[in-house]
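Residue numbers (our numbering): 2 to 226.
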């Protein structure tokens, strides 16, 4: 026989008949007050809620500390990188000192900036020397296009540098056709250095004699003269 369970007013009741050979001998009647169980469940619920709140607080504190330890320094480093990129000032440095992996990253970044600063200074010195040279100087690529002209070349021809960088050498040399330029280039590749006399034409149309000294340069897989 299945016992009968009932709940009323915080009390649980269990009624179970007792039978022998289908004859009812009596009943078992049990009652239990559920208020104590409710109190225990409430206490356990409060404890679980407190544990969850404590865990959430610890996770927040840990993430905040982790952010201060890792995210903030990396974002500061990114800010320095953006400042260097924006200003092109390789003398800038990230000043934070650390003894961990981020410190190693910062030291590497500062060392890279020092190398770039040295190379930039050498490049600017070379540029200054070329621009300050009293003789006209040009860089000509394999197709005869002018890729660089110093101040003396601009003054001699009457062009702005931006204009010359849009031109080919045949546009300023009256005696230098495309066929002659290719022949000159082949001879230059064989000898690495050549001298010749020619005529250059200024922007106003005037022509003047020049003595050309050409050297073949190879830089990053490209040849210039």
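A virtual CB, placed ideally from N, CA and C, is assigned to each residue, including glycine.
Just so it is clear, the structure is predicted and the values come from calculations on it, not from any experiment.
Closest to residue i by CA distance: which of the options is it?
i: residue 150; options: 144, 143, 169; result: 169
i: residue 215; options: 207, 208, 224; result: 224
i: residue 206; options: 189, 12, 196, 160; result: 160
i: residue 157; options: 210, 220, 218; result: 210
i: residue 89; options: 127, 217, 120; result: 120
i: residue 9; options: 17, 22, 32; result: 32
i: residue 146; options: 135, 59, 105, 164; result: 164
i: residue 5; options: 20, 30, 22; result: 30
i: residue 220; options: 178, 140, 42; result: 140
In this structure, what does DSSP give as the bridge partners for residue i?
i: residue 197; result: 213
i: residue 45; result: BP columns for residue 45 are empty, so no partner.
i: residue 224; result: 219
i: residue 139; result: 150
i: residue 17; result: 29
i: residue 12; result: 9, 34
i: residue 174; result: 201
i: residue 208; result: 202
Cutting at 8 Å between CB atoms, please list the residues of its own chain near residue i, excluding the five before and the five after it.
i: residue 93; result: 81, 84, 85, 114
i: residue 131; result: 138, 149, 151
i: residue 208; result: 175, 200, 201, 202
Using a Cβ-Cβ cutoff of less than 7 Å, which residues in the same chain neighbour residue i once the five nearest sequence positions on both sides are dropped?
i: residue 35; result: 11, 12, 13
Between residue i and residue j, which are expected to be in contact by the criterion C-beta below 8 Å, what is the C-beta distance as a whole number of angstroms?
i: residue 195; j: residue 188; result: 6 Å
i: residue 103; j: residue 71; result: 7 Å
i: residue 148; j: residue 166; result: 7 Å
i: residue 227; j: residue 144; result: Residue 227 falls outside the range modelled here, since the chain spans only 2 to 226, and no answer is possible.
i: residue 137; j: residue 153; result: 5 Å
i: residue 190; j: residue 217; result: 6 Å
In chain order, what residues of the same chain have a beta carbon less than 6 Å from the beta carbon of residue i, not counting five sequence neighbours either side?
i: residue 213; result: 197, 199
i: residue 117; result: 91
i: residue 7; result: 14
i: residue 67; result: none
Q) Any chance the region 188-202 sits against the region 161-179, with 3 or more Cβ pairs inside 8 Å? A) A contact exists between the region 188-202 and the region 161-179.
Q. Are three or more beta carbon pairs between the region 48-56 and the region 20-35 nearer than 8 Å?
A. No, the region 48-56 does not touch the region 20-35.
Q.
Would the region 77-84 count as touching the region 96-113 if we require 3 or more Cβ pairs under 8 Å?
A. They touch, by the three-pair rule.
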